[in-house]
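According to this note's numbering, the residues represented by the sequence shown are 1 to 151, in order.
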Amino acid sequence: MVGLSGKNGSGEKYFYYAHKKKSFVCHITRVKADDLHTLILKSFRNLVTNPNWFESLVNKAIQSGALQKPEKEVLLGELKSQIRDLSQQAENLLNILQNSPTDQKSKLMQERLSVLETHILRLEEQKRQLVEQIELVGSFSRSDFEDFHGF
């Protein structure tokens, strides 16, 4: 359904909702906009003022965070491992560079070292963001929601 408007015989504008194309699936032809808006607001008000609804919403939010936290912690462990491995590779290349004469090999190793350092920086940023997410998810408890609705 789409919102439409029209004018009555006295020139007053009115608003309604109707199907764009005639359909045999739905028997509703037109609905006054005011009636539909009132119905939607009434239904939403009933939903929001229902303490059971709010309780279930809080439970879902807390469970969702609890389910996401272990996955994020596993990912954090993998990122730390990758950073550790890349840091070791970078350190090994740096040691080789310090002990080798300046030639084509050392230039290639310097380039490789630069790539590794860039990769390490990206992983460190991902790690920082993931730690923030884990801290945020772990910081919610039921008491955080008590101000929103009287339990």
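Ideal Cβ positions, reconstructed from N, Cα and C, are used throughout, including at glycine. Owing to the predicted nature of the structure, the values given are computational and were not obtained by experimental measurement.
| Asked | Found |
| --- | --- |
| Who are the Cβ neighbours of P70 in its own chain at under 8 Å, not counting the five residues just before and after it? | none |
| Just curious, the beta strand (DSSP E) that S10 is in, first and last residue? | It is not in any beta strand (DSSP E) - S10 carries neither H nor E in the DSSP assignment. |
| Quick check on K20: does DSSP put it in helix, strand or coil? | coil |
| Beta-carbon separation of L76 and K42 under 8 Å? | no |
| Let me confirm a value: L39 is counted as buried when at least 16 other C-beta atoms fall within 10 Å, else exposed. Which label applies? | exposed |
| Pick out whichever of K72, T118 and I62 has its Cα sitting closest to the Cα of S87. | T118 |
| Cα separation between V74 and V2? | 47 Å |
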